[in-house]
Amino acid sequence: MKIKGVIFDLDGVITDTAEYHYIAWKALGEKIGIPITRTFNEELKGVSRKDSLERILAFGNKEDAFSDEEKEALMAFKNEYYVKLIRDITPRDVLPGVLPFLKKLNQAGVKKAIASASKNATTILSSLELLNEFDYIVDAKEIRYSKPHPEVFLKALKAIDLKAEDCIGIEDAAAGVTAIQEAGMKAVAIGLDESLNHADIRLQSTEELPVLKL
Ligand code: BG6
Ligand code: MG
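Numbering (the working numbering) for the sequence shown: 10 to 223.
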């Protein structure tokens with residue numbers, strides 16, 4: 010297979026913001042009496058802000074404890090906390106291997122897109138000085154269904170005008186790997202967590218990206 014397009018997740022693939030999401034959710038959890046463990050956090054990766062909050066409340070048996078208005082305030086608290094954490098991101102925060110991989114894709118004429126659930130995606134890409142590096146960046150505000158639903162990847166595929174079988178997707182989250190596969194692409198997983206076992210290709214870290222065969 011000759012790869013014509015690569016669709017990237019952002020958080021945890023291009024830069025380590027997955028860790029900042031965890032820290033911010035943990036802070037919210039402490040505020041509302043729901044301890045958020047790293048194991049549970051795996052279930053939040055790739056999931057939208059609203060759906061993450063719902064999962065957290067269910068995890069803490071507090072599904073009915075907050076009104077819609079209060080939930081909006083909880084999401085705002087988490088996002089403000091998160092935005093402070095990502096304020097100082099610079100191009101040095103691009104994960105190892107990503108820049109050489111992007112260069113390799115450019116040399117091979119492969120199209121590149123970002124399929125992130127994050128409404129902060131363009132801010133982060135801009136801080137990393139990668140905003141103009143991609144042919145298309147999905148606007149998370151236009152996405153209705155969280156990963157593992159394939160919507161965000163299907164939107165990226167359509168925008169770069171390629172068929173799923175000619176593209177691969179890259180993810181660090183179990184839900185994201187499923188979303189890529191549901192969109193009809195082969196999934197490359199970053200990380201060795203066993204929740205990523207269903208990926209088509211497993212890489213230990215982003216450092217291995219440049220060795221992917223195109
Ligand atoms: C995903 C992250 O990329 O974006 C999730 O993996 C996060 O952890 C989601 O909840 C939404 O991000 P944001 O920035 O819109 O709250
Ligand atoms: Mg991710």
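By construction, the Cβ of each residue, glycine as well, lies at the ideal position given by its N, Cα and C atoms.
Residue i: CB within 8 Å of a non-hydrogen atom of the ligand MG
{"i": "ALA182", "result": "yes"}
{"i": "GLY185", "result": "yes"}
Near the ligand BG6: residue i beta-carbon under 8 Å from a heavy atom
{"i": "TYR154", "result": "no"}
Cβ shell of residue i (< 7 Å), same chain only, five flanking positions each side left out
{"i": "ILE189", "result": "PHE162, GLY178, GLU180 and ALA196"}
{"i": "ASP20", "result": "THR26, ALA27, HIS30, SER125 and SER127"}
{"i": "ALA130", "result": "LEU19, ILE123, ILE146 and ALA149"}
{"i": "VAL107", "result": "ILE23, THR215 and LEU218"}
{"i": "GLY193", "result": "ALA173 and GLU174"}
{"i": "SER68", "result": "Per the sequence presented here, residue 68 reads as Phe, with Ser not at that position. For PHE68, where only same-chain residues beyond five positions count, the Cβ hits under 7 Å are ILE43 and PHE49."}
{"i": "ALA36", "result": "TYR90"}
{"i": "LYS13", "result": "VAL119, LYS120, LEU171, ASP175 and CYS176"}
Per-residue DSSP class, three states only, for residue i
{"i": "VAL103", "result": "strand"}
{"i": "ASP175", "result": "helix"}
{"i": "ASP20", "result": "strand"}
{"i": "LYS80", "result": "helix"}
{"i": "GLU138", "result": "coil"}
{"i": "GLU72", "result": "coil"}
{"i": "LEU221", "result": "coil"}
{"i": "TYR90", "result": "helix"}
{"i": "ILE65", "result": "helix"}
{"i": "VAL9", "result": "An answer regarding residue 9 cannot be provided, because it is not within the stretch 10 to 223 covered by the chain."}
{"i": "ALA124", "result": "coil"}
{"i": "ILE199", "result": "strand"}
{"i": "ILE7", "result": "Beyond the ends of the chain as shown, which are 10 and 223, falls residue 7; an answer cannot be given."}
{"i": "ILE32", "result": "helix"}
{"i": "GLY38", "result": "helix"}
{"i": "ARG211", "result": "strand"}
{"i": "VAL119", "result": "coil"}
{"i": "VAL15", "result": "strand"}
Sequence-distant residues of its chain with Cβ nearer than 8 Å to residue i (five each side left out)
{"i": "SER155", "result": "GLY55, VAL56, SER57, ASP60, ALA126 and ALA184"}
Residues of its chain near residue i, where Cβ-Cβ distance is below 6 Å and the 5 sequence neighbours each way are ignored
{"i": "GLU51", "result": "SER204"}
{"i": "ALA182", "result": "LYS54 and GLY55"}
{"i": "PRO109", "result": "PRO219"}
{"i": "LEU212", "result": "ILE199"}
{"i": "LYS164", "result": "VAL147"}
Nearest-residue set for the ligand BG6, Cβ under 7 Å from any heavy atom: ASP18, LEU19, ASP20, GLY21, ALA27, HIS30, LEU53, LYS54, GLY55, VAL56, SER57, ARG58, SER61, ASN88, TYR91, SER125, ALA126, SER127, LYS128, ASN129, ALA149 and ALA182
Evaluate the contact criterion for the segment 66–75 versus the segment 96–115: three or more CB pairs, one atom per stretch, below 8 Å. no
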